[in-house]
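If you read the sequence shown in the numbering used here, its first letter stands for residue 276, the second for the next number, and so on.
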Amino acid sequence: MTEQDAAILAFEKRWWNAAGEKEQAIRDTFDITAVRYYQILTRLLEDRDAHAADPVLVKRLRRIRDSRRQGRTQRKGTQ
276 MTEQDAAILA FEKRWWNAAG EKEQAIRDTF DITAVRYYQI LTRLLEDRDA HAADPVLVKR
336 LRRIRDSRRQ GRTQRKGTQ
(Lines of atoms letter the chains of each structure in order from A and count residues from 1; the text may use other names and numbers.)
(Lines give C-alpha, C1' and ligand atoms only; values in the text may rest on other atoms or scores of the structure.)
Protein backbone atom coordinates (compact mmCIF):
# COMPACT_ATOMS: atom_id res chain seq x y z
CA MET A 1 0.00 0.00 0.00
CA THR A 2 1.42 3.36 -1.00
CA GLU A 3 1.55 6.53 1.08
CA GLN A 4 -1.18 7.95 -1.15
CA ASP A 5 -3.33 4.86 -0.54
CA ALA A 6 -2.96 5.29 3.23
CA ALA A 7 -3.75 8.99 2.94
CA ILE A 8 -6.89 8.23 0.92
CA LEU A 9 -8.10 5.80 3.59
CA ALA A 10 -7.45 8.39 6.30
CA PHE A 11 -9.23 11.04 4.23
CA GLU A 12 -12.21 8.76 3.69
CA LYS A 13 -12.75 8.49 7.45
CA ARG A 14 -13.93 12.10 7.52
CA TRP A 15 -17.63 12.78 7.48
CA TRP A 16 -18.72 14.82 4.47
CA ASN A 17 -21.98 16.74 4.45
CA ALA A 18 -21.86 17.87 0.86
CA ALA A 19 -20.39 16.09 -2.16
CA GLY A 20 -19.11 19.34 -3.66
CA GLU A 21 -17.07 20.10 -0.56
CA LYS A 22 -15.53 16.64 -0.63
CA GLU A 23 -14.69 16.85 -4.33
CA GLN A 24 -12.93 20.18 -3.81
CA ALA A 25 -11.05 18.77 -0.82
CA ILE A 26 -9.97 15.80 -2.96
CA ARG A 27 -8.54 18.16 -5.58
CA ASP A 28 -6.87 20.34 -2.95
CA THR A 29 -5.44 17.45 -0.92
CA PHE A 30 -4.38 14.96 -3.57
CA ASP A 31 -4.21 17.05 -6.76
CA ILE A 32 -6.31 14.43 -8.59
CA THR A 33 -9.86 14.40 -9.90
CA ALA A 34 -12.69 12.95 -7.86
CA VAL A 35 -13.06 10.24 -10.52
CA ARG A 36 -9.45 9.15 -10.06
CA TYR A 37 -9.86 9.28 -6.26
CA TYR A 38 -12.83 6.92 -6.41
CA GLN A 39 -11.01 4.61 -8.80
CA ILE A 40 -8.18 4.31 -6.27
CA LEU A 41 -10.62 3.91 -3.39
CA THR A 42 -12.49 1.16 -5.22
CA ARG A 43 -9.22 -0.71 -5.76
CA LEU A 44 -8.36 -0.29 -2.09
CA LEU A 45 -11.60 -1.97 -1.04
CA GLU A 46 -10.22 -5.22 -2.45
CA ASP A 47 -6.65 -4.70 -1.22
CA ARG A 48 -5.50 -6.96 1.63
CA ASP A 49 -3.09 -4.34 2.96
CA ALA A 50 -5.84 -1.73 3.09
CA HIS A 51 -8.08 -4.16 4.93
CA ALA A 52 -5.30 -4.93 7.39
CA ALA A 53 -4.59 -1.22 7.90
CA ASP A 54 -8.21 -0.29 8.67
CA PRO A 55 -10.60 -3.24 8.59
CA VAL A 56 -13.54 -1.34 10.06
CA LEU A 57 -13.38 1.40 7.43
CA VAL A 58 -12.83 -1.00 4.53
CA LYS A 59 -15.74 -3.21 5.61
CA ARG A 60 -18.02 -0.18 6.02
CA LEU A 61 -17.11 1.12 2.58
CA ARG A 62 -17.67 -2.33 1.06
CA ARG A 63 -21.14 -2.48 2.63
CA ILE A 64 -21.99 0.95 1.23
CA ARG A 65 -20.69 -0.03 -2.21
CA ASP A 66 -22.57 -3.31 -2.21
CA SER A 67 -25.79 -1.66 -1.05
CA ARG A 68 -25.57 0.92 -3.85
CA ARG A 69 -24.90 -1.81 -6.42
CA GLN A 70 -27.88 -3.78 -5.19
CA GLY A 71 -30.08 -0.67 -5.36
CA ARG A 72 -29.02 0.00 -8.95
CA THR A 73 -29.67 -3.60 -9.92
CA GLN A 74 -33.15 -3.53 -8.37
CA ARG A 75 -34.03 -0.25 -10.09
CA LYS A 76 -32.96 -1.66 -13.46
CA GLY A 77 -35.21 -4.67 -12.94
CA THR A 78 -38.28 -2.51 -12.27
CA GLN A 79 -37.94 -0.31 -15.30
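A virtual CB, placed ideally from N, CA and C, is assigned to each residue, including glycine.
Keep in mind the model is a prediction, meaning the values are calculated, not measured.
Residue i classed as buried or exposed, judged by whether at least 16 other C-beta atoms fall within 10 angstroms
i       : result
Val-331 : exposed
Ala-325 : buried
Tyr-313 : exposed
Ile-339 : exposed
Limits of the unbroken alpha helix (DSSP H) element including residue i
i       : result
Ile-307 : It is not in any alpha helix (DSSP H) - Ile-307 carries neither H nor E in the DSSP assignment.
For residue i, the three-state DSSP class (helix, strand or coil)
i       : result
Thr-348 : helix
Thr-277 : coil
Ala-356 : The requested residue 356 is not part of the displayed model; the chain covers only 276 to 354.
Arg-318 : helix
Arg-289 : coil
Separation of residue j from residue i, as counted between CA atoms
i       : j       : result
Leu-336 : Ala-293 : 17 Å
Leu-320 : Arg-311 : 14 Å
Trp-291 : Ile-283 : 14 Å
Ala-328 : Lys-334 : 12 Å
Cβ-Cβ separation, residue j to residue i (assumed contact under 8 Å), whole Å
i       : j       : result
Leu-316 : Glu-287 : 6 Å
Met-276 : Asp-322 : 7 Å
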